[in-house]
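Going by the working numbering, the first residue of the sequence shown is number 118, and it counts up by one from there.
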Amino acid sequence: MAAVMPQTPPAAATRLLLSGNEAVARAVWESGVRVAAAYPGTPATEIIESLARYPDLYAEWSVNEKVSMEVALGASMTGARAFCAMKHVGMNVASDCLMTMTITGAYGGLVIAVADDVGMSSSQNEQDSRFWGRFAHIPVLEPADSQEAYEMTRFAFGLSEQYETPVLLRLTTRICHVKGLVVAGEREAHEPAGFVKNPQRWVMVPAHAKARIPTLFQRDETLRAVSDASPLNVLEAGTDRRVGFVASGPAYMHVKEAFPDAPVLKLGFSYPWPPEKMRELAAMCDTLLVVEETEKILETEIRAAGIACHGKDVLPSIGELSPQVLHPAVDRLLGKPVPPPAPAAAPPKVFPRPPTLCASCPHMGMYYTLSQIKNIIVTGDIGCYTLGAGHPWNALDTTICMGATMGVALGIDKGRGAVDKNKRILAVIGDSTFMHMGMQGLLDITYNHGNITVLLLDNNTTGMTGGQATPASGKDIHGKEAPKVDLFKIVEALGVPNERIKIVDPYELPVLFKTVREEIKIEGPSVIIARRPCVLIDDFKPFRPYLVEEDKCTGCGNCIEVGCPAIHVTHRDKVVKPSGKEVELAFVSIDSQACTGCGLCVQPCAPDAIQHVPRRDIPIHIVKTTSTS
């Protein structure tokens, strides 16, 4: 797809195959940005990861999205160009800063990349970040491919400086991860002008903020005219004028694929949207259809402007609007008969592969333990460990948002009635999530005398987004040494008594089981830190793998309950016990190529059928113990 702004045919060396995330990173670097900050979150993670490989700029993993935005704003105050990135739910965290930053405005160019997860491939909701542009009165740019992601990012910095406003770059999963050819340039130097003391602008007490509010609305009107004249908004006349389309981002690509001859207003500068171009499109077609993924934001605003249109009355509000969705919707709009969908073909018979933890994941030890304890309520959080809610553990009862496990647990503790009186409450959280938004919740628990046991799963990384460093890992974004936060001391400083903080190895099931059982019996807050590195990071050292001796396996299935994907059921059988009870047996094998020798499955194996692979060149580390609790 052609870029939104014409380019001179470049030399071959300038053509790069980049994902949208990589294209944004390249453009940020070329724009002379000095400071970039983010918290990892799919689908935006790779922006800062890519950017950190470039020279001559500072990049960081911030502890959360709000801090990343504040870092970027601080850099902008000096006249430096600055950038921050996050996934859509991260803006919920950063919004406190955003809603004041829109009043102060920017000094150096300030661009915020927000990646929406349309279709929820890796998110707990499908919220639409375009609302933030309207809410904060800042311009919104929406690229449709990698080339546009690159060009719009570069354009955004100039726009930001010219109108002294932050600019929101709205991406989606499809833009972030799909690769395309990008015509790239070289870095342009941008020397900061320096911080200018101006309390009326930078000190947002009510009197100062009130005085700047009119500037915000004046900027809105100015930008509306800029949008109408912008080359980022393109009116394509088309030849089949029965239906005209308004679209942005990937939705535009879907429209062009489905209806190549139709008039289309392609919105790259989508807020403020161009009123005159919109009226011109409406005048040239019989029917106007607004194609927007997820919410009907534009549709509502276009109708409010007195322009008749269709939108979510014929299109779904969930998921991507592919040609397969658009074609029948437009046929219905035109009054054409739409044949009923063909009967779905029988799904191929494949072995089910539900999402699960990695082989030897240290979280499995904790969830196996929780699955064996009765009369408990377990609140969860956002991370790989959310998979603990699934089979075979079924060990989590709630998951809401980053850091919510603490507050939800406290609310259950304080709100429970007679039916839950004797239940023990546990809160599960990962180390990165704890530092992102969990510390405040733990402080709330200790301050308000919560009777809760917190299970802090310390795997020394941000596992779900690809193994990024954290303040507790002792490394920065470049892999260099950094001060390592002591989680024990943080927990103690937040009010948990020293004697109620335990550090355990999640591979040692008897110790883990005993520790959890003991802690939940004692009133008051406690924290159990389960410490083992993630199996996907360099700090993890595999041990000798295991196999199953078939002649010893009794089919008890105890090892299956650990939940390791390296364990496979080879066949099942049923036997009738002397009592007359029918019991199902499950005989297993272990994929020794996937096994890393953690020993979790060994410990519940009653017949000792699980033994080390007989390879003498692999270091032996036996974690099985005969101790009981």
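Each residue gets a CB set at the ideal place from its N, CA and C atoms; glycine is no exception. It should be emphasised that the depicted structure is a prediction, and the values quoted were computed from it without experimental measurement.
Distance between beta carbons of residue j and residue i, contact taken as under 8 Å
i	j	result
T473	P682	5 Å
R132	V295	About 17 Å; that fails the 8 Å criterion.
L629	V621	5 Å
G428	V407	4 Å
M483	P623	5 Å
D548	L572	With 8 Å as the limit, D548 and L572 do not qualify as a contact, their Cβ atoms being about 11 Å apart.
F272	L349	7 Å
S185	E163	Not a contact, Cβ separation roughly 15 Å.
E177	A211	15 Å between Cβ atoms; not a contact.
A189	C293	Their Cβ separation, rounded to whole angstroms, is 19 Å, which puts A189 and C293 out of contact at 8 Å.
Q241	C673	With a Cβ gap of about 36 Å, Q241 and C673 do not count as contacting.
Separation of residue j from residue i, as counted between CA atoms
i	j	result
A535	V495	18 Å
D561	N209	21 Å
F200	R170	15 Å
V152	I229	12 Å
P659	S590	19 Å
R541	I639	10 Å
S239	T159	7 Å
P323	A512	48 Å
T217	A192	16 Å
E635	G297	56 Å
A368	R648	45 Å
A128	K601	Low confidence applies here, because A128 scores a pLDDT of 45, under 50, leaving its location unreliable; read the following figure in that light. Rounded to whole angstroms, A128 to K601 spans 46 Å at the Cα level.
V613	Y564	10 Å
Y485	K606	28 Å
E598	P588	10 Å
L559	H553	12 Å
K694	V700	7 Å
D233	I165	16 Å
D668	G714	21 Å
Y175	L215	21 Å
P157	C478	20 Å
C722	Q489	15 Å
W146	E393	35 Å
E625	N675	16 Å
L527	M401	59 Å
Q441	H595	43 Å
G149	E187	19 Å
Cutoff 6 Å; reference residue i; Cβ partners in own chain excluding five residues on either side
i	result
D405	Sequence inspection shows Leu at residue 405; the Asp mentioned does not correspond to that position. Answer for L405: G361, A399, C426, listed in chain order.
I737	Since pLDDT at I737 reaches only 45, below the 50 mark, its modelled position is unreliable, and the value read off the structure follows with that caveat. So the list reads R661, once near-sequence residues are dropped.
V608	I618, V644
V455	P445, D448, R449
R329	I220
G436	G236
G250	V257, L285, Y388
G355	D378, A379, P380
C651	N576, T578, G580
A140	S263, A266, Y267, V299
R291	P367
I419	C426
Residues bridged to residue i (per DSSP)
i	result
K204	A232
T195	Bridge partners of T195: none, in fact.
G361	L405
T90	Given that the chain is displayed from residue 118 to residue 746, the structure contains no residue 90 and the question cannot be resolved.
T515	T496
D690	L702
L384	N350
I727	V665
E416	Paired residue(s): none; E416 is not in a bridge.
H427	L406
S240	DSSP lists no partner for S240.
Proximal residues to residue i (C-beta, below 7 Å), its chain only, five neighbours per side dropped
i	result
Q728	Y663, L664, E666
L504	P472, T473, L474
T195	G225, P309, G311, F312
D725	K669
M481	L474, V679, G680, C681, L717
P283	M218, T219, A223, L227, I229, I255, S277
Residue i CB to nearest heavy atom of the ligand SAM below 6 Å
i	result
H205	This structure lacks the ligand SAM; in fact it carries no ligand of any kind.
Neighbourhood of residue i by C-beta, 8 Å cutoff - its chain only, sequence neighbours within 5 removed
i	result
I424	M395, R396, A399, L405
G275	G226
S434	T411, E412, K413
D337	H254, P389
L443	H371, V372, A375, F376, V408, L432
| field | Length at least 3, wholly inside the stretch 250 to 304: the beta strand (DSSP E) runs in chain order | value | 284 to 289, 296 to 300
| What are the complete beta strand (DSSP E) segments, minimum 3 residues, inside the stretch 549 to 634? | 570 to 575, 618 to 621
| Segments of 3+ residues assigned as beta strand (DSSP E) that fall wholly inside the stretch 145 to 189 | 152 to 155, 175 to 178
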